[in-house]
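First to last, the protein sequences are chains C and X.
Residues in the first sequence are numbered consecutively from 178, following our numbering.
Residues in the second sequence are numbered consecutively from 178, following our numbering.
First comes the structure, then the notes that go with it.
There are 2 protein chains.
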Amino acid sequence: MRSPSPDLTTRARIRDAALALFGANGYSATSVRAIAERAGVSAALVMHHFGSKEALRAECDAHIVDEVIGRKEQLATDSDLSSTMRRWLADVDLYRASLDYLARMITDGTDAGARLFDDLVDRTASMIDAEVAAGRMRSSSDPRMTAVIVAAHGLVPLLLESQLGRALGEPGLTPALVARMTLPTLELYTHGLYQTTDVLDAATAALAGRPDTTRGPRSDKGAGDPNQDPDPPPARASDN
Amino acid sequence: MRSPSPDLTTRARIRDAALALFGANGYSATSVRAIAERAGVSAALVMHHFGSKEALRAECDAHIVDEVIGRKEQLATDSDLSSTMRRWLADVDLYRASLDYLARMITDGTDAGARLFDDLVDRTASMIDAEVAAGRMRSSSDPRMTAVIVAAHGLVPLLLESQLGRALGEPGLTPALVARMTLPTLELYTHGLYQTTDVLDAATAALAGRPDTTRGPRSDKGAGDPNQDPDPPPARASDN
DNA sequence: TAGGATACTGAACATGCGTTCACCCTCGCC
DNA sequence: GGCGAGGGTGAACGCATGTTCAGTATCCTA
Chain C
178 MRSPSPDLTT
188 RARIRDAALA
198 LFGANGYSAT
208 SVRAIAERAG
218 VSAALVMHHF
228 GSKEALRAEC
238 DAHIVDEVIG
248 RKEQLATDSD
258 LSSTMRRWLA
268 DVDLYRASLD
278 YLARMITDGT
288 DAGARLFDDL
298 VDRTASMIDA
308 EVAAGRMRSS
318 SDPRMTAVIV
328 AAHGLVPLLL
338 ESQLGRALGE
348 PGLTPALVAR
358 MTLPTLELYT
368 HGLYQTTDVL
378 DAATAALAGR
388 PDTTRGPRSD
398 KGAGDPNQDP
408 DPPPARASDN
Chain X
178 MRSPSPDLTT
188 RARIRDAALA
198 LFGANGYSAT
208 SVRAIAERAG
218 VSAALVMHHF
228 GSKEALRAEC
238 DAHIVDEVIG
248 RKEQLATDSD
258 LSSTMRRWLA
268 DVDLYRASLD
278 YLARMITDGT
288 DAGARLFDDL
298 VDRTASMIDA
308 EVAAGRMRSS
318 SDPRMTAVIV
328 AAHGLVPLLL
338 ESQLGRALGE
348 PGLTPALVAR
358 MTLPTLELYT
368 HGLYQTTDVL
378 DAATAALAGR
388 PDTTRGPRSD
398 KGAGDPNQDP
408 DPPPARASDN
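Structure follows, in structure tokens:
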């Protein structure tokens, strides 16, 4: 599993080792000594190069942000979160360390992760705006929220990498699975899931002020979409 | 921030403290002493009740699974991941600990998290099947994958709690934001995002064997959907 | 009322942690 | 030839960790 480690700077080798271990096991579950061992150096050298474990983490964050957002030399290229993610997912094995680390950045709520997410949302919003203006996408009742949702949906393969693979009978997220996701996703984004506008209409009506009209088409079976239901469910207290 | 801790069993109080700290800071960043302090007991008592930190984690996992999947007494109720999540999200402040812990379970790839996710996928698949049979939902070219995607999309508010809140100008995920997500999500699931079937058609054609036909409607602007693009992007090697 | 189980504690244990320090090598430069 | 700067190391430091242990209080039961 250890990478053969090409002839990089020792500093870069340490950074890559940290990235892999932080990504695989998390920050606090990773010791400086483990990083040093993986990089083939002593723990003292890690401190010599980075000063502290926290500074090493910051350098990893910055490195990933550079990889994703694009570094200075190649400002022109349209490299952002979604395109980088797509590129990395195309070769999951090669980029597993970066993918794992990136997923942790986004879920851990660090500043760097927030920057990446905000950038993704902004780009998604601009893209949708342009497509709507060109008549290729529908406009939404809440464009900002729609951009956030679409952006967040796009992160799903990153965040649920292991779950997606296992739930579909393969170990981890294979390139075949990534390819297999394309068509259903586009079907969803082209036709939606519902045949009729009943659920949407009921929700619109409910949110417009009338909390209850016919109660027929909405609460039929835990709501059509499994995670959106306009009626407030009763809260339940904790247990013993 | 500390909860006033109602009159629970000491054992339950310790478990709740562990749940909150594990959820907020992660397993290895949480010390047994911190858990003990939060529960108002000594560290030794934590060991007395649970044997080890790892066993305490297992008990937390089991407790959340019980909360989500439903415990023995109430087998009949249709309590699953999505409905429990919805219920918890309706009172984010009250259930923050459970929500954070649950999010970690699902992303950390533990067995318990996998069980929850698989259960969610199965229920989503059944729901879609039933709705399709009733003529209320469209059938997909890949029903299993569609179920996985819809299930995963539903987990987004859980996994990206902090990001969603911040990206929309509020601190964390407020009930108002949860409500505000309803309509755009239903719009997406009712009408889709694309006005035409161009992108879907192009992808279908590309995946059917012809890798390139007109190249016009697909690669216009980084692809309509920001995260699905059938053409394989060129891989790039690592850096210095 | 004795006694054994149970709840609970403070102090200690061994270990691993992040970090520091003194020291060695090996260059490039004057 | 000398020499300073930087890459690199092993050993150690102080500390926090998970866990253990002897001991105390409290309760239930016989």
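The beta carbon of each residue, even a glycine, is placed where N, CA and C say it ideally should be.
These figures come from a predicted structure and were not determined experimentally.
Within chain C, E338, S339, Q340, R343 have C-beta atoms less than 9 Å from the C-beta of G286 (chain X), given in sequence order.
Under DSSP, Y371 (chain X) takes part in a beta bridge, and its partners are C:M314.
Where P334 (chain X) is concerned, the enclosing alpha helix (DSSP H) starts and stops at 333 to 336. L276 (chain C): member of the alpha helix (DSSP H) spanning 269 to 285, first to last residue.
Here E231 (chain C) is exposed. Its C-beta has fewer than 16 other C-beta atoms within 10 Å. Judged by DSSP in its simplified three-state form, V325 (chain X) adopts helix. For a Cβ distance threshold of 8 Å, residue set S317, S318, D319, M322, T323, I326 of chain X lies close to P361 (chain C), ordered along the chain.
Burial state of G200 (chain C) is buried, judged by a 10 Å Cβ sphere holding 16 or more other Cβ atoms. The C-alpha of L222 (chain C) lies about 8 Å from the C-alpha of A213 (chain C).
Taking C-beta atoms under 8 Å as the contact rule, M358 (chain C) and P320 (chain C) fail to qualify, at a distance of about 25 Å. For the C-beta of D295 (chain C), the chain X residues within less than 9 Å are, from N- to C-terminus, Q340, R343, A344.
Against chain C, a Cβ distance below 8 Å from T187 (chain X) picks out nothing, because the smallest value is about 12 Å. Below 8 Å, too few C-beta pairs join the region 297 to 312 of chain C and the region 231 to 243 of chain C to call them touching: fewer than three.
At least 8 Å separates the CB of R210 (chain X) from every CB of chain C.
Here L341 (chain C) has L350 as same chain residues with Cβ atoms under 6 Å from its own Cβ, once five neighbours each way along the sequence are excluded. Going by DSSP, V223 (chain C) is part of the alpha helix (DSSP H) stretching over 220 to 227.
Comparing C-alpha distances from L196 (chain C) to each of C:D238, C:R210, C:T381 shows the shortest one belongs to C:D238. Rounded to whole angstroms, the separation of the alpha carbons of R190 (chain X) and D270 (chain C) is 43 Å. One finds nothing in chain X with a Cβ atom closer than 8 Å to the Cβ of M282 (chain C); even the nearest lies about 11 Å away. The region 362 to 380 of chain C makes contact with the region 372 to 384 of chain X, as at least three CB pairs between them are under 8 Å.
For the region 349 to 374 of chain C, the set of residues with a beta-carbon nearer than 8 Å to any beta-carbon of chain X comprises A356, R357, M358, T359, L360, P361, T362, L363, E364, L365, Y366, T367, H368, G369, L370, Y371, Q372, T373, T374, in chain order. Within chain C, the residues placing a beta-carbon under 8 Å from that of M314 (chain X) are L370, Y371, Q372, G401, ordered along the chain.
R313 (chain X) and G247 (chain X) have their C-alpha atoms spaced approximately 28 Å apart. DSSP places G290 (chain X) within a helical segment (H, G or I) once states are collapsed to three. The CB of G200 (chain X) never comes closer than 7 Å to any CB in chain C; the least such distance is about 12 Å. Spatial neighbours of V209 (chain C) in its own chain (CB-CB distance under 6 Å, excluding positions within 5 residues in sequence) are listed in chain order as A220, V223, K230. Annotated three-state conformation of T359 (chain X) is helix, per DSSP. Proximity to T301 (chain C) across C:L276, C:A274, C:L332, C:D285 peaks at C:L332, based on C-alpha coordinates.
Judged by beta-carbon spacing, S259 (chain C) lies within the 8 Å limit of L297 (chain C), meaning their Cβ atoms are closer than that value. The C-beta distance from L354 (chain C) to E347 (chain C) rounds to 6 Å, short enough to meet the 8 Å contact threshold.
For the pair F294 (chain X) and I305 (chain X), the CB atoms are not nearer than the 8 Å cut-off.
Contact of L233 (chain C) with chain X by beta-carbon distance below 9 Å is absent, the smallest such distance being about 16 Å. When DSSP states are grouped into helix, strand and coil, P348 (chain C) belongs to the coil group. In terms of Cβ geometry, L185 (chain C) and I241 (chain C) do not form a close pair [threshold 8 Å]. The beta carbon of H226 (chain C) sits no closer than 8 Å to any beta carbon of chain X.
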